[in-house]
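Residue numbers (my numbering): 129 to 222.
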């Protein structure tokens, strides 16, 4: 049986830059609101509570985005470059 390119791995390679970009966006999504709050755009005890929650969401969003990118990279790294020609990854259509 012959071996051919792992089309599944090649498809992952194509999307990894996009996933990494979206992971960065997840981490940065809350900056504008945080900046506005720091500039005193809204001042009250409710604003303080909102700001604290926003910082927590900012952190967890960044961690989630980073985790998704890392999971994809780990999966990519564990895939062989070549697979048997009857393997489903040989004919991956995404």
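For glycine and all other residues, C-beta sits at the position ideal for the given N, C-alpha and C.
Since the structure is predicted, the reported quantities are computational estimates derived from the model, not experimental observations.
What does a CB cutoff of less than 8 Å around residue i pick up in its chain, not counting 5 residues either side in sequence?
i: residue 218; result: 132, 133, 134, 135, 211 and 212
Between residue i and residue j, which are expected to be in contact by the criterion C-beta below 8 Å, what is the C-beta distance as a whole number of angstroms?
i: residue 158; j: residue 189; result: 7 Å
Measuring straight from C-alpha to C-alpha, what distance separates residue i and residue j?
i: residue 139; j: residue 169; result: 45 Å
i: residue 199; j: residue 209; result: 18 Å
i: residue 166; j: residue 147; result: 30 Å
i: residue 233; j: residue 179; result: Nothing can be reported for residue 233: it is not among the residues displayed for the chain, which extend from 129 to 222.
i: residue 182; j: residue 143; result: 29 Å
i: residue 216; j: residue 222; result: 11 Å
i: residue 145; j: residue 173; result: 41 Å
i: residue 203; j: residue 187; result: 24 Å
i: residue 141; j: residue 156; result: 24 Å
i: residue 175; j: residue 220; result: 50 Å
i: residue 171; j: residue 163; result: 13 Å
Answer yes or no: do residue i and residue j have a C-beta to C-beta separation smaller than 9 Å?
i: residue 194; j: residue 161; result: no
i: residue 207; j: residue 137; result: yes
i: residue 205; j: residue 129; result: no
Which residues in the same chain have their Cβ closer than 6 Å to the Cβ of residue i, if we skip the five residues on either side of it in sequence?
i: residue 197; result: 147, 148 and 151
Sorted by chain position, which residues of the same chain lie with C-beta nearer than 7 Å to residue i's C-beta, five sequence neighbours on each side aside?
i: residue 154; result: 189, 190, 192 and 193
Going residue by residue through the stretch 155-213, where are the continuous alpha helix (DSSP H) segments of at least 4 residues, counting only ones entirely within it?
159-166 and 173-206
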